[in-house]
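So the first sequence is numbered by full-length UniProt numbering: it starts at 1 and just counts up by one.
Ideal placement from N, C-alpha and C gives every residue a C-beta, glycine not left out.
See structure below.
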Amino acid sequence: MMLLEIAVAAPIDQTLTYRLPVKISANPDGDGTISLIGRRVLVPLGGRKVTGYVLAEDVVASGEFKIRDIAEVLDVKPVFPCSLIALFRWISNYYHYPIGEVIRAALPAGMSPRSVRCLELVDSAREDERFLSLPDEKWRITLQEKGSLSAAATKELLASKVWKKTIQQFIKLGVLRLCESVTSDGVKEKMEVCYRLQHWLPQPSVDLPDESEIFQHYRRQLDAELGLELKLSEAKTLYYMKGLEEKSVDGTSPRKELLELYAGAAKGICDLKEKRLVTEQKKRVFRSPLGERLEFFPAPTELTDEQNVALAEIVPAIEQGGYTPFLLHGVTGSGKTEVYLQATAAALRQGKSVLVIVPEIALATQLEAHFVSRFGEQVVLLHSGLSASERFDQWSLAMSGEAKIVIGARSAIFAPLNDLGLIVVDEEHDAGLKQDDSLRYNGRDLAVVRAKQQGIVVLLASATPSVVSYHNALCGKYRLLTMDNRVGNRSLPKVTLIDLRKQQSSGKRSLFRPQLRKALEENFIAGRQSVILINRRGFSSNVLCQECGTPVQCRDCHVTLTLHRSTQQLLCHYCGYSVHEKTVCESCGSMQLVPVGFGTERVETELQEMLPLARVARLDTDTAKDRKAFLQTLKLMRGGEIDILVGTQMVAKGHHFPGVTLVGVVWADGGLAIPDYRAAEKTFQLITQVTGRAGRGDSPGEVYIQTMRPEHYAISLARTHSYRHLVEKELELRKNPAFPPFVRLVAIHIQGESEQDVERSASRIAAACRAAVKEKKSFVEILGPAPSPIDRVKKNYRWQVMIKAASIEILDALCSYVRQNQQELVSGRCKVMLDKDPENMM
DNA sequence: AGCACGCCGACT
DNA sequence: GTCGGCGTGCTC
């Protein structure tokens, strides 16, 4: 009797114990030694069946509960390697999320079936008068016509007050019945019918000039050897099969291809099967996600000195094995990709596999081209943009070891690679690495945890590392690698600041000051490309001093206040501090405080008016919704078919646009006004990243930055590319009031349809936390409750409580406390979500 | 999450 | 006096 530790796909914190009954064989193929760990099972839970993930075998039951039998073993081999189990447990514990849900989120969608109930009309009761006399409701007609209802329809019906009772009566009468069935996965391995020749056909001894001679040869041969009389169609089929077999790896001919060559094969195959000359088998096929040919990138003939220095540290670490975290700070254009490629090659030489995490699909596609150019077929792409079946295929390739390199967005951190030797995280500072719904994990942090657990090298890289990561490097937690120079000794672009506060003298007010306008015109005439960045973050309602450009800040929190017109208040979304909207500027005393913000399209329109002949394209959240269109725009830009690309942060990310020589930023300080303690850090990163788009080709780049606050350190330091000064300044500022890396944060989000319930719940949670930490000696602070910066989403009101603590233990204790007492703390139907290390403060 | 068990209002 | 509402609490 074997007991198993199983994580069920339900919100239960603990793992459960189930028995593997003797009648269920774990290994239907007869091999009794293969473990169940990492495989999926179907288990009874309460009154239904759900997917369970086997985490351990031969466990000891505590005897506290009755142990039920597994209903079914769903896989013949593991779907995730056992090395990931420790990561799943860590995540469950760290992010306070049920372990089964963690695994469900980690696996490709559609791999966690559950049982559903369908209402059926009992056949013998088809003519039941009581049933037939029911009103002509849709469900009754469907039942009569099809005999059964879909799971969704059944659920809806049983939830309705009007019909529940009637249905139950008919079930009692034996007219209707509820049938339990397991939802089909949706994602299945795609199988293909293949044929295999059972009799070896010798090549014709002499070169036979035409096909009909070959057919005759086959017929004579088989007649002589086996006494079989072949029809012409059979001989022809054999001939084409032989051709296909020679091309295939495993000596089989796919039915589809065979029929394309020779339609008569449909009949021929049937006859050949009867004669036992051909057998049929089903084979896995893999659907290629590569829509089109990838660009080829040749390997460089030599590396830069800095690349060599970095690799001289990374490669030995990979060869020796053991947990070694690196932070690679390499300016834009310094050739970080080549470092990833060389490091990957080193890991592959050790027989290890490699995981590459990027913040965004578009970047994955770009990196993929580099990796495929160097390593060919061993590379797979794993990201949410793939269809469920494509994702499943890529997953299987990684699991089976056929793919050695996985490139993907944050969820690829769960890639089922065995023998991992290296994890690379590109653009490690990017907020896109943080998942901001349901399980709120940070892909970069998980990369470090996975590397630590598996004792391998992790390489975090960025032109603008996050302040927290850089601080870790300064403290010695990470090994710091620096690349300060661009490949080919190209200089970083010259950055010019344009002060927006200086009044425009003449005529119509434009979003572009003369200097930028002139540069754009000249660049267009010279046939070169430009990029214009609009900092979308500046579009929320902030109040800015017209005289000095300073936004109104919170007294305690070092974040910008948000304008609430309805209440005429300026409100802090961290702690709830508020002032009347008519206030004075703290830095200059001016009363000239005005709300800011302008429309995105206006930038595009104005550019088009300015340069009617220019091909202008826009890249923002609106236009990026369609992934294909988004990638198409990037491709057009890369191919030089767009003159000016306008966009939000998206245009700034590590895209390689070789023809861009001019970059303009419409309003650089817009992002400084967002209510986020990292506003300055993010603004600096954005400007630096977009600046890096200029002058990557042969011509040196120019950058024009329009700003209300040229003297603000985030902007002035970006002008001089002074990353290290920015870090120093930020670290100084974050000591008081304390923010990461000096404290840890958790945001507790409360949302629900009733504003009152949400507010009351938030207050109770905050009060309970305050009471719980009264005695604590080490630093802990509870901020709020306060409405979330975006305080109403889809009919839901949102509030938040923020907890700052010096020790992670206190933070975790509070999280557990809130979760355990949720029932008492939360009123009505409010949802509570814990966000550890929050990235997006909105 | 589902689903069962369990305690208070509108009906026969 | 019953039926049935949906509030708490468990699921190996």
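When the beta-carbon positions are compared, residue 553 and residue 560 come within less than 8 Å of each other. For the 8 Å CB-CB criterion, residue 694 and residue 493 form a contact. Here DSSP, grouped into helix, strand and coil, assigns residue 595 to strand. Boundaries of the beta strand (DSSP E) around residue 664: 660–665.
Assigned with DSSP and collapsed to three states, residue 747 falls in strand. Its Cα nearest to that of residue 702, the residue 720 stands out among 582, 714, 720, 418. Note on the segment 514–555: whole alpha helix (DSSP H) runs with a minimum of 4 residues are 514–525, in chain order. In the DSSP assignment, residue 399 falls within the unbroken alpha helix (DSSP H) covering 388–400. Of the candidates 230, 2, 743, the residue whose Cα lies closest to the Cα of residue 810 is 743. Cβ neighbours of residue 835 within its own chain (closer than 7 Å, five residues either side excluded): 440, 746, 747, 749. CA-to-CA, the gap between residue 339 and residue 428 works out to about 15 Å. Taking a contact as a CB-CB distance under 8 Å, the pair residue 468 and residue 298 does not count as one, their CB atoms being some 37 Å apart. Under the DSSP assignment, residue 142 falls outside any beta strand (DSSP E), being part of the alpha helix (DSSP H) whose first and last residues are 138–146.
Residue 755 holds the alpha-carbon nearest to the alpha-carbon of residue 791 among 613, 582, 755, 631. Across the set 411, 313, 296, the C-alpha of 296 shows the shortest separation from the C-alpha of residue 366. Comparing alpha-carbon positions, the option among 644, 580, 70 lying closest to residue 604 turns out to be 644. In this structure, residue 83 sits away from residue 118, with a CB-CB distance that is not shorter than 8 Å. In this chain, the alpha helix (DSSP H) harbouring residue 375 covers 361–375. Residue 708 is classed as buried because its beta carbon has at least 16 other beta carbons within 10 Å across all chains shown. In the three-state DSSP reduction, residue 93 falls in the helix class (H, G or I).
In the displayed model, residue 442 falls within a strand according to three-state DSSP.
Residue pairing for residue 5: DSSP places it in a beta bridge opposite 17, 56. Contact check for residue 10 and residue 45: beta-carbon distance about 6 Å, within the 8 Å limit, so the pair qualifies. Each residue's CA atom was taken as its position, placing residue 311 and residue 351 some 18 Å apart.
If you compare the alpha carbons of 577, 578, 585 with that of residue 546, the shortest gap goes to 585. Counting the other CB atoms within 10 Å of its CB gives residue 306 a total of 16 or more, which places it among the buried residues. Between residue 3 and residue 86, the C-beta spacing is not below 8 Å. Using a Cβ distance threshold of 8 Å, residue 607 and residue 660 do not count as a contacting pair. Within the same chain, Cβ atoms closer than 6 Å to the Cβ of residue 233 are found at 264, 267, 268, the five residues on either side in sequence being excluded. Contact check between the segment 485–499 and the segment 607–616: fewer than three CB pairs, one atom from each, fall below 8 Å, which does not count as touching. Residue pairing of residue 462 in beta bridges, as defined by DSSP: 329.
When C-alpha distances from residue 447 are compared across 395, 357, 483, 524, the shortest belongs to 357.
It is roughly 55 Å from the alpha-carbon of residue 430 to the alpha-carbon of residue 145.
It is roughly 14 Å from the alpha-carbon of residue 710 to the alpha-carbon of residue 551. By the neighbour-count criterion, in which a residue is buried when 16 or more other Cβ atoms sit within 10 angstroms of its Cβ, residue 5 is buried. Here residue 316 carries a helix assignment [DSSP, helix/strand/coil].
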